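**Q** Below are the structure tokens for one structure; questions will follow.
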Amino acid sequence: ELAPDSDLGDRPVVVDVAPLDPADRDAALQAGLAVAETMRARGLIRGAFLHLQGAARIAGPAALQAPNRPEGDMP
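Numbering (the working numbering), first residue to last: 1 to 75.
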């Protein structure tokens, strides 16, 4: 469920996914990261945070907030 003050409006958003095995989860996150990086390159977004079943990826300036981690990778 989205927060009542979300700025997503009527945009469709996935809020639940059946359990995935680690390889499928990581593949989904990498695919999302690739889309985010394409959107950043086109100037459509400044950054993205992707979180799925306990794993996360970050793209863009958000990576600077985790200086000990390589961009695109978060446990």
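All residues carry an ideal CB built from backbone N, CA and C; glycine is no exception. Keep in mind the model is a prediction, meaning the values are calculated, not measured.
Please report how far the alpha carbon of Arg46 lies from the alpha carbon of Pro12, in whole angstroms.
**A** Taking the first residue of the sequence shown as position 1, residue 46 is located at position 46. Taking the first residue of the sequence shown as position 1, residue 12 is located at position 12. Taking the straight line from one Cα to the other gives about 20 Å.
**Q** Following the continuous alpha helix (DSSP H) through Arg96, name the residue where it begins and the one where it ends.
**A** Outside the displayed span of the chain (1 to 75) sits residue 96, for which this structure offers no information.
**Q** Helix, strand or coil: how does DSSP classify Pro61 here?
**A** Counting from one through the sequence shown, the residue named residue 61 turns up at place 61. The answer is helix: DSSP assigns Pro61 an H, G or I state.
**Q** By how many angstroms is the C-alpha of Ser6 removed from the C-alpha of Asp26?
**A** Reading the sequence shown from its first residue, position 26 is the one you call residue 26. Reading the sequence shown from its first residue, position 6 is the one you call residue 6. Taking the straight line joining both Cα atoms gives about 26 Å.
**Q** For Asp24, tell me which candidate among Arg40, Leu8, Ala55 and Leu44 has the shortest Cα-Cα distance.
**A** For this step, residue 24 is matched to residue 24 along the sequence shown. The residue with the shortest Cα to Cα distance from Asp24 is Ala55.
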